[in-house]
Amino acid sequence: LDESDFPVPPERIRQIFLQPKVTDRYELDWRSPSLKGVVDFLCGERDFSEDRVQKAIEKMTQGLREIRERRTLEQFFG
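Following my numbering, the numbering of the sequence shown begins with 8 at its first residue and continues without gaps.
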């Protein structure tokens with residue numbers, strides 16, 4: 008490859024992947040997903056079937072509910 012074709016030297020690009028800048032200073036804020044946002048994105052922008060997306064959201068919502076209930080029972084008996 009002719010290195011003059013690259014705006015950044017290939018060795019620099021290689022080093023970015025091999026030695027990425029990382030941090031351990033972060034905080035995750037878990038919130039419920041925006042169901043309307045999911046539908047708008049998948050159906051409006053990605054042409055997914057709205058019926059299938061709604062069914063998947065129902066399954067996801069039920070699964071999250073079961074996880075929350077299970078966690079509560081584990082705390083109760085634990």
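Heads up, the beta-carbon is just placed ideally off N, CA and C, and yes, glycines get one too.
Problem set entry | P16 (DSSP reduced to helix, strand or coil) | Taking the sequence shown and counting its residues from 1, one reaches residue 16 at position 9. If DSSP states are grouped into helix, strand and coil, P16 belongs with coil.
For this session: On a CA-only basis, which of R32, P17, D31 is nearest L25? Give me that one, please.
Result: Along the sequence shown, one-based indexing puts residue 25 at 18. The candidate whose alpha carbon is nearest that of L25 is P17.
For this session: Could I get the ranges of all uninterrupted beta strand (DSSP E) runs contained in the segment 17 to 63, with 3 residues as the minimum, in chain order?
Result: none
Problem set entry | V46 vs V29 beta-carbon contact at 8 Å | The residue given as residue 46 occupies position 39 in the sequence shown. The residue given as residue 29 occupies position 22 in the sequence shown. Cβ distance not < 8 Å, so V46 and V29 don't count as in contact.
Exercise. Considering only residues of the same chain and omitting the five flanking positions on each side of P14, which have a CB-CB separation below 8 Å?
Worked result: The residue you call residue 14 lines up with position 7 of the sequence shown. Excluding sequence neighbours, P14 sits near nothing in its chain.
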